[in-house]
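*Asks:* Chains as they are written, first to last, in my numbering: chain H, 1020 to 1245; chain W, 3 to 60.
Note that the Cβ used here is the ideal one computed from N, Cα and C, for glycine as well.
Dropping the structure in here first, questions after.
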């Protein structure tokens, strides 16, 4: 048992606040509510899996450099993996978004979960956009010149220049991934803290551990939509 | 609306290799590739709602 003086230290206070805000049994639960037993609930984690491939291949591309990923066969392969994992990321993330929208997933004090997800989606669009700008081909030239006019027309052209390759490359590999990473981690922590939103007909599960999957009643899939 | 029929055409010089196929319906224009992806997403969404999850009946 620690001395009272230790309990007043900032480390102890921070630890108590962290454990209270994010209880370990909620961060990594052993069981999920029965209503999670549906395919519509897998698209969030599929998005995370695709994002992990995006980040891993992106790190390899950054480490090896443009000469490697534009000229060698392995480099081109990793470059393609980076592109197609982004496509998969958006594919699964949009289905995740539709599912959560029709479930009104902001119910039950989950507004911040919804907002961080929505902002993370917009951040993903910005990150993908800068990725398309740094392909060093005619596509990126076309996209940047078209985007320049669009962005200037809404008055944000003073803050950055999409024709500036170096700026867009740094946005893509440092700034936006950092922002997106923070948003995604925050979003996932909120999902764990607040729990997965129940279908309209189901009651909120009792905290901290919901009913086991195999013994609880099974709602029909029609309760999930609209 | 300028035209009510769906019209496919190929723009020139916007891609490195093969130009994409675009569909146009009045002011709405979309590439065939994007339309296919959107169709696939809607299909997967509907399938995810109706397809039973493994172990659901236990």
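Is the CB of residue 37 (chain W) under 8 Å away from at least one CB in chain H?
*Replies:* No, no contact with chain H.
*Asks:* Just to confirm, does residue 1115 (chain H) get its C-beta within under 7 Å of one of the non-hydrogen atoms of the ligand FMN?
*Replies:* Inclusion of the ligand FMN in the displayed structure is not the case, the ligand content being empty and no account of it being possible.
*Asks:* I'd like to know if residue 1057 (chain H) contacts chain W, where contact means its C-beta is closer than 8 Å to some C-beta of that chain.
*Replies:* Chain W, which has a Cβ nearer than 8 Å to the Cβ of residue 1057 (chain H), makes this yes.
*Asks:* Looking at residue 1105 (chain H): is its Cβ nearer than 8 Å to the Cβ of residue 1142 (chain H)?
*Replies:* In this structure, residue 1142 (chain H) does not lie closer than 8 Å to residue 1105 (chain H) by Cβ.
*Asks:* Please identify, using Cβ separations under 8 Å, the residues of the segment 1109-1126 of chain H that lie next to chain W, in order along the chain.
*Replies:* Those residues of the segment 1109-1126 of chain H that come within reach of chain W (Cβ to Cβ, closer than 8 Å) are 1110, 1113, 1114, 1117 and 1118.
*Asks:* What does the alpha-carbon distance come out to for the pair residue 1036 (chain H) and residue 1167 (chain H)?
*Replies:* Near 46 Å, if we compare the C-alpha coordinates of residue 1167 (chain H) and residue 1036 (chain H).
*Asks:* Would you say residue 46 (chain W) lies against chain H (beta-carbon separation less than 8 Å)?
*Replies:* So, interface residue.
*Asks:* At the 8 Å Cβ level, is residue 25 (chain W) part of the contact set with chain H, yes or no?
*Replies:* No, its Cβ sits nowhere closer than 8 Å to a Cβ of chain H.
*Asks:* In the structure shown, what three-state DSSP assignment does residue 1154 (chain H) receive?
*Replies:* Note: residue 1154 (chain H) maps to coil in three-state DSSP.
*Asks:* Bridge partners for residue 1045 (chain H) per DSSP, in chain order?
*Replies:* Per DSSP, none; premise fails for residue 1045 (chain H).
*Asks:* Can you grab the Cα-Cα spacing for the pair residue 1088 (chain H) / residue 1199 (chain H), in whole Å?
*Replies:* The alpha-carbon atoms of residue 1088 (chain H) and residue 1199 (chain H) are separated by roughly 24 Å.
*Asks:* Between H:1073, H:1057 and H:1083, which lies nearest to residue 57 (chain W) when the distance is taken from Cα to Cα?
*Replies:* Of the candidates H:1073, H:1057 and H:1083, the one whose C-alpha sits nearest the C-alpha of residue 57 (chain W) is H:1057.
*Asks:* Alpha carbon to alpha carbon, what distance is there between residue 1071 (chain H) and residue 1061 (chain H)?
*Replies:* Each residue's alpha carbon lies about 16 Å from the other.
*Asks:* How big is the Cα-Cα spacing for residue 1090 (chain H) and residue 1084 (chain H)?
*Replies:* Each residue's Cα considered, the two are about 10 Å apart.
*Asks:* Taking only beta-carbon positions, decide if residue 53 (chain W) is within less than 8 Å of chain H.
*Replies:* Taking Cβ atoms only, chain H reaches closer than 8 Å to residue 53 (chain W), which makes this a yes.
*Asks:* Cutting at 8 Å between CB atoms, please list the residues of its own chain near residue 1147 (chain H), excluding the five before and the five after it.
*Replies:* If we look at residue 1147 (chain H) and ignore the five residues flanking it on each side, its Cβ neighbours are 1105 and 1109.
*Asks:* Measuring only the C-alpha atoms, how far is residue 1232 (chain H) from residue 1208 (chain H)?
*Replies:* Any answer about residue 1232 (chain H) is weak, because its pLDDT of 49 lies below 50 and its placement is not dependable; what the coordinates show is given next. Roughly 21 Å between the two C-alpha positions.
*Asks:* So what's residue 1077 (chain H) in DSSP terms, helix, strand or just coil?
*Replies:* The answer is helix: DSSP assigns residue 1077 (chain H) an H, G or I state.
*Asks:* Residue 1206 (chain H) and residue 1130 (chain H): beta carbons closer than 8 Å?
*Replies:* No, the pair does not count as a contact, with Cβ atoms beyond the cut-off.
*Asks:* Between which two residues does the beta strand (DSSP E) containing residue 27 (chain W) stretch?
*Replies:* Element bounds for residue 27 (chain W): 24-27.
*Asks:* Compute the distance between the beta-carbons of residue 1114 (chain H) and residue 50 (chain W), then report whether it is under 8 Å.
*Replies:* Yes, the Cβ-Cβ distance between residue 1114 (chain H) and residue 50 (chain W) is below 8 Å.
*Asks:* I need the DSSP call for residue 31 (chain W), collapsed to helix, strand or coil.
*Replies:* In this structure, residue 31 (chain W) counts as strand in the three-state DSSP scheme.
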